[in-house]
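**Q** As numbered in the UniProt record's numbering, residues 1 to 478 make up the sequence shown, in order.
Don't be surprised by glycine CBs; every beta carbon is placed ideally from N, CA and C.
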Amino acid sequence: MAISSAFNIASGGLTATARMAEVVSSNLSNVMTDGYGVREINLSSGLLGGVKIDGISRIVDQSTLRERRNAEADVGAQQRGATALSQLEQAFGTVGDESGVVGRLAALEQSLISASSNPSSEQRLETVLSRLQDVATAMRSDADAIQSQRLMADQAIASDVDTLNTTLQQIEKLNADVLRLVGAGNDPSSAIDARQNAIDKLTSIVALTEIDRGNGQVALYTKNGIALIDGSPATFGFAPVGTIVADMILASGGLSGVTLNGAPLDLGDGYGRMKGGSLEAAFVLRDETLVELQTNLDEIAADLMQRFESSTTDPTLTAGDPGLFTDRGAAFDPLNITGLSSRLTVQASVAPSQGGALSRLRDGVNAITTGPVGETAQIERWLNALNDPVALPSGGTAKSGIGHASEQINIIGRLRLDAEERLGFETARFDSLKSAELAGGVDSDQELQRLLQIEQSYAANARVLQTLDAMMSRLLEI
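(1) Going by CA-CA distance only, name the one from Ala136, Pro372 and Thr338 that's closest to Met248.
(2) Can you list, in chain order, the residues of its chain whose CB lies under 7 Å from that of Thr370, leaving out five sequence neighbours each side?
(3) Leaving out five residues on either side along the sequence, give the residues of the same chain with a beta carbon under 7 Å from the beta carbon of Val51.
(4) Looking at the strands, I want to know which residues DSSP matches up with Tyr221.
(5) For the beta strand (DSSP E) that Thr316 lies in, which residues bound it at each end?
(6) Report yes or no: do the segment 301–320 and the segment 410–419 share at least 3 C-beta pairs separated by less than 8 Å?
(7) Check this for me: beta carbons of Ala143 and Ser342, under 8 Å apart or not?
(8) Using three-state DSSP, classify Ile411 as helix, strand or coil.
(9) Looking only at C-alpha atoms, which of Pro352, Leu317 and Glu299 sits nearest to Asn336?
(10) Report yes or no: do the segment 435–453 and the segment 25–41 share at least 3 C-beta pairs separated by less than 8 Å?
(11) Exposed or buried, Met32, counting other C-beta atoms within 10 Å across all chains shown (16 or more means buried)?
(12) Please list, in chain order, all residues of the same chain as Met1 whose beta carbon is under 6 Å from its beta carbon, the five residues on each side excluded.
(13) In whole angstroms, what separates the C-alpha of Gly277 from that of Gln294?
(14) Measuring CA to CA, which of Arg68, Asp74, Ala138 and Asp34 is closest to Leu344?
(15) Would you mind giving the Cβ-Cβ distance between Asp314 and Arg381, rounded to the nearest angstrom? I have them listed as a contact below 8 Å.
(16) Which class does Phe238 belong to by DSSP, given the choice of helix, strand or coil?
(17) Identify the continuous alpha helix (DSSP H) that holds Leu344 and give its terminal residues.
(18) Which residue or residues does DSSP assign as beta-bridge partners of Pro233?
(19) So, is Arg414 buried or exposed, given that buried needs 16 or more other C-beta atoms within 10 angstroms?
(20) Alpha carbon to alpha carbon, what distance is there between Arg273 and Asn215?
(21) May I ask you to verify whether the segment 95–107 touches the segment 419–428, counting CB pairs closer than 8 Å and requiring at least 3?
See the structure below:
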């Protein structure tokens, strides 16, 4: 019986060391695999002696993992804002950019100065007309750039929602796989690795919390308490649009918010308690930041129209007449400012291609007859109107037309800089936590040392079996 027990103990030792070698091999082969949790075999002494394999543990620092996910949500939010504002700044150009509104207004000013020195020159009047058209075109281009970014934000929301739904369904299946493996007494570590990677796909979209439900099951909730998955996954909905114009906002029903299992998450901001991450950032861009920038651009367009629409600036105008700049041919309407920058055009009466006359740039937009070719008064009045300090329709500091346009560029620049500074901070924080997480991963040196110990243990158990075999052979010879 003693020899038989010794055989069993030594055989158990060989089995345990072979299993340990398998675990070490798995660890070493996954040293570069993201999301891989280090495996450790759990051993205990058997009731009748020897060693018993109790299972395999997957080692993960949950605290570091949780903080890294929170940081990733912050990076996702800041990245989306910084990217959009950087692209918008490039579209608007800098204050010194000749193709931007500021540069076009400066060119208009120079053309008016040039025309005032020789008002009889048709070529110089043509230049004034061209510069007026450049200003209107640049203004419309900037408005298009803002709405393009809003559309991109809307599309990003749709993409995030699609990723949420798809990934939550994957997590549900992986939860079931883990439960099945645990129930069968098999190692669920690989399925848990896959589930962790799936959860990580969501962390940049929304800040979430992972809750252990036992038997290898996890639930996911947002930081503000919405269940993403707790048994069954939530179903999120969103209706993207194909185009966005200035008057399309969430409150008017022109744009969609996120729905949870068919019901609106929040009628106010569209995302409710889905805070933290790129999803919230996309809503903030689409419905707040970019809308405010559009409003300011419309105010600048309104300012330009009013500067050239006054009878003081142009005595040929009467109340209700459009000036040099129009709202698609109409006069300024204080009740219709939204989207004005996208509708800004030049007065047709001064454009020969539209049946107008260049002489009206010298005589006034509603001039019936051609005045003296050497008259400069009207051109000088327009030049003064462009440069006079005037507050925007909504109020604020009085500035010239160029001053207001320059301030818009500066606002976008400050927003972009602030976003990039926050992104830099959050990225550094994420990198630090990611490094800490990786530091708790596979230590190849430690695994190789463990492999040497396994080799020695395996050799020792094999030696025991060899000795027992010799003893049994000797007994059989007697």
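**A** Answer, in terms of the structure:
(1) Among Ala136, Pro372 and Thr338, the Cα nearest to that of Met248 is on Thr338.
(2) Within the same chain, Cβ atoms closer than 7 Å to the Cβ of Thr370 are found at Ser359 and Asp363, the five residues on either side in sequence being excluded.
(3) Once the five neighbours on either side are set aside, the close Cβ partners of Val51 are Gly12, Gly13, Ala16, Leu43 and Ser45.
(4) Answer is Thr209 and Ala227.
(5) Neither: Thr316 is in no beta strand (DSSP E) and is coded neither H nor E.
(6) Contact check between the segment 301–320 and the segment 410–419: fewer than three CB pairs, one atom from each, fall below 8 Å, which does not count as touching.
(7) In this structure, the beta-carbon distance from Ala143 to Ser342 falls below 8 Å.
(8) Assigned with DSSP and collapsed to three states, Ile411 falls in helix.
(9) Closest by alpha carbon: Glu299.
(10) With a cut-off of 8 Å, the segment 25–41 and the segment 435–453 count as touching, because enough Cβ pairs lie within range.
(11) With fewer than 16 other CB atoms across the displayed protein chains lying within 10 angstroms of its CB, Met32 is exposed.
(12) With a pLDDT of 45 at Met1, under the threshold of 50, the modelled position of this residue cannot be trusted; read the value that follows with caution. Apart from sequence neighbours up to five positions away, no residue of its chain approaches Met1 with a beta-carbon distance below 6 Å.
(13) Their backbone Cα atoms lie some 24 Å apart in a straight line.
(14) For the residues Arg68, Asp74, Ala138 and Asp34, the minimum Cα distance to Leu344 belongs to Ala138.
(15) With a beta-carbon spacing of about 7 Å, Asp314 and Arg381 fall inside the 8 Å limit used to define contacts.
(16) Note: Phe238 maps to coil in three-state DSSP.
(17) Leu344 -> not in any alpha helix (DSSP H); beta strand (DSSP E) instead, spanning Leu344 to Val346.
(18) Bridge partners of Pro233 according to DSSP: Ile229.
(19) When all chains shown are included, Arg414 counts as exposed.
(20) If I take the Cα positions, the gap works out to 29 Å.
(21) Short answer: they don't touch.
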